[in-house]
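In my numbering, the protein residues as written are 33 to 306. Backbone N, C-alpha and C define an ideal beta-carbon position, used for all residues, glycine too.
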Ligand SMILES: [Fe+2]
Ligand SMILES: [Fe+2]
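Now the structure itself:
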């Protein structure tokens with residue numbers, strides 16, 4: 033099974049790249065399942081229903097969120113109508129929406145997707161390790177799901193690596209999001225789970241985390257807000273993790289980064305090209 037996960041879509045630049053490229057990527061690589069983190073899709077802050085519809089229409093099977101889930105207040109309402117929109121599972125009980133779901137891939141596989149948020153330098157919410165384990169125990173590989181994909185939305189690489197080893201052999205892929213900067217450590221862990229500390233954003237990299245540099249720089253220099261953060265509008269680099277999943281075991285055979293367009297050096301998953 034072929035899985036593609038795309039990192040945080042930032043603003044119009046990121047959206048345009050995903051809408052333009054994802055249909056082509058689905059076809060070119062014969063993708064079975066695509067998940068996209070959409071927490072910054074609306075002007076860098078949250079997601080609207082119209083944008084969610086666009087991402088789903090372009091070929092995302094699932095859209096995940098993070099600490100920006102509720103920046104657009106309408107998300108608190110429309111998330112209840114969209115099974116394919118997930119917010120972190122370890123939010124307090126009673127939070128609108130859901131943090132996991134099982135979805136059918138193009139090859140017929142049942143894919144469990146879980147969105148969780150880290151605790152270090154992040155909002156204080158429930159333990160992500162226990163929350164994810166609860167789901168994986170309830171719907172394990174080959175017991176309830178043919179594949180399991182976890183979007184771990186967290187700041188620090190130590191917490192992400194710890195989660196990777198915690199889940200190794202129990203999920204198909206553990207993919208880090210949130211920092212908007214791709215790490216170069218994608219691999220298959222010893223027990224068969226694909227892993228990357230951060231998949232990077234889909235956005236304009238000639239920026240500060242997808243935002244026009246002037247205001248972030250001003251705040252570092254003066255500590256006085258002078259304006260709003262505005263998404264950078266240059267061409268976006270699409271950043272994703274490509275994972276080849278073994279149909280029999282649900283574990284990963286290969287993992288490689290996919291980067292396309294914009295300022296970063298392009299990369300392509302060779303195991304899907306040869
Ligand atoms: Fe983000
Ligand atoms: Fe985030």
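message = Let's see if you can read the secondary structure: which residues bound the alpha helix (DSSP H) around residue 83?
response = For this step, residue 83 is matched to residue 51 along the chain shown. 81 to 90 is the span of the alpha helix (DSSP H), which, as asked, contains residue 83.
| query | Is any heavy atom of ligand 1 found at a distance shorter than 6 angstroms from the C-beta of residue 72? | reply | Working through the chain shown from its first residue, we reach residue 72 at position 40. For residue 72, the shortest separation between its Cβ and any heavy atom of ligand 1 lies below 6 angstroms.
Exercise for the section: Figure out for me which residue from 120, 46, 61 and 113 has the closest Cα to the Cα of residue 87. Expected result: On the chain shown, residue 87 is found 55 positions in, with the first residue counted as 1. Nearest option by C-alpha distance: 46.
To the nearest whole angstrom, what separates the beta carbons of residue 188 and residue 143, a pair I think is in contact under 8 angstroms?
Position 156 of the chain shown, counted from the start, is the residue given in the question as residue 188. Position 111 of the chain shown, counted from the start, is the residue given in the question as residue 143. Actually they do not touch by this definition, with Cβ atoms about 27 angstroms apart.
Whole-Å CB distance - residue 49 paired with residue 171, under 8 angstroms assumed:
Counting from 1 along the chain shown, the entry for residue 49 is found at position 17. Counting from 1 along the chain shown, the entry for residue 171 is found at position 139. At roughly 33 angstroms, the Cβ-Cβ gap does not stay under 8 angstroms, so residue 49 and residue 171 are not in contact.
Exercise. Applying the criterion that 16 or more other CB atoms from any shown protein chain within 10 Å of the CB defines a buried residue, is residue 159 buried or exposed?
Worked result: In the chain shown, counting from the first residue as 1, residue 159 sits at position 127. Under this definition residue 159 is an exposed residue.
Quick check: does the Cβ of residue 99 come within less than 6 angstroms of any heavy atom belonging to ligand 3? By its list of ligands, the structure shown excludes ligand 3, since it contains just ligand 1 and ligand 2.
- Item | Which residues DSSP lists as bridging residue 183, in chain order | By 1-based counting over the chain shown, the position of residue 183 is 151. As a beta-bridge residue in DSSP terms, residue 183 pairs with 147 and 207.
For the beta strand (DSSP E) that residue 276 lies in, which residues bound it at each end?
In the chain shown, residue 276 corresponds to position 244, counting from 1. First-last of the beta strand (DSSP E) with residue 276: 270 to 277.
Go to residue 77, then tell me how far its alpha helix (DSSP H) extends in each direction, as first and last residue. As a position in the chain shown, residue 77 is number 45, starting the count at 1. From DSSP, residue 77 is part of no alpha helix (DSSP H); its letter is neither H nor E.
Quick check: the Cα distance between residue 78 and residue 105, rounded to an integer number of angstroms? Translated into the one-based positions of the chain shown, residue 78 becomes position 46. Translated into the one-based positions of the chain shown, residue 105 becomes position 73. Distance between the alpha carbons of residue 78 and residue 105: 9 angstroms.
Pair within 7 angstroms by beta-carbon distance, residue 279 and residue 285:
Here residue 279 corresponds to residue number 247 of the chain shown, with the count starting at 1. Here residue 285 corresponds to residue number 253 of the chain shown, with the count starting at 1. With a cutoff of 7 angstroms on beta-carbon distance, residue 279 and residue 285 are scored as not near each other.
Practice task
Answer with buried or exposed for residue 301, where buried requires no fewer than 16 other C-beta atoms within 10 angstroms of its C-beta.
Solution key: In the chain shown, the residue the question calls residue 301 occupies position 269. By the neighbour-count rule (16 or more Cβ atoms within 10 Å), residue 301 is buried.
| query | For residue 299, which of helix, strand or coil comes out of DSSP? | reply | Taking the first residue of the chain shown as 1, we reach residue 299 at position 267. Looking at residue 299 - three-state DSSP - the assignment turns out to be strand.
### DSSP state of residue 122 mapped onto helix, strand, coil
Counting from one through the chain shown, the residue named residue 122 turns up at place 90. In the structure shown, residue 122 sits in coil (DSSP, three-state: anything other than H, G, I, E or B).
So the beta strand (DSSP E) residue 134 belongs to, where does it begin and stop? Sequence index remark: in the chain shown, residue 134 carries index 102 (1-based). Counting along the chain, the beta strand (DSSP E) containing residue 134 begins and ends at 132 to 136.
For residue 260, which residues in the same chain have their Cβ closer than 8 angstroms to its Cβ, ignoring the five residues on either side in sequence? Within the chain shown, numbered from 1, the residue matching residue 260 stands at position 228. Same-chain partners within the cutoff: 247.
| said: Taking its Cβ as the centre, do 16 or more other Cβ atoms sit within 10 Å of residue 89, making it buried, or is it exposed? | reply: As a first step, residue 89 must be located in the chain shown, where it is residue number 57. Residue 89 comes out exposed.
### Query
Is it true that the CB of residue 237 sits closer than 7 angstroms to the CB of residue 294?
The sequence position of residue 294 within the chain shown is 262, counting from 1. The sequence position of residue 237 within the chain shown is 205, counting from 1. Here residue 294 is near residue 237, since their CB atoms are less than 7 angstroms apart.
- Task: Look at the alpha carbon of residue 99 and the alpha carbon of residue 169, and state the distance between them as a whole number of angstroms.
- Result: On the chain shown, position 67 is the one that residue 99 refers to. On the chain shown, position 137 is the one that residue 169 refers to. Distance between residue 99 and residue 169, taken at the CA atoms: about 25 angstroms.
Between 226, 222 and 216, which has its C-alpha nearest residue 232's C-alpha? Position 200 of the chain shown, counted from the start, is the residue given in the question as residue 232. Per the Cα distances, 216.
* To do: Measure the Cβ-Cβ separation of residue 289 and residue 218 and say whether it is below 7 angstroms.
  => Along the chain shown, one-based indexing puts residue 289 at 257. Along the chain shown, one-based indexing puts residue 218 at 186. Taking 7 angstroms as the Cβ cut-off, residue 289 and residue 218 qualify as a contacting pair.
Task: Residue environment, residue 252, which counts as buried when at least 16 other CB atoms sit within 10 Å - done: The count along the chain shown starts at 1 and reaches residue 252 at position 220. Residue 252 counts as exposed, since fewer than 16 other beta carbons sit within 10 angstroms of its beta carbon.
Checklist line | Below-7 angstroms beta-carbon distance, residue 78 vs any chain B residue | finding: Absent here is chain B; the protein component of the structure consists of one chain.
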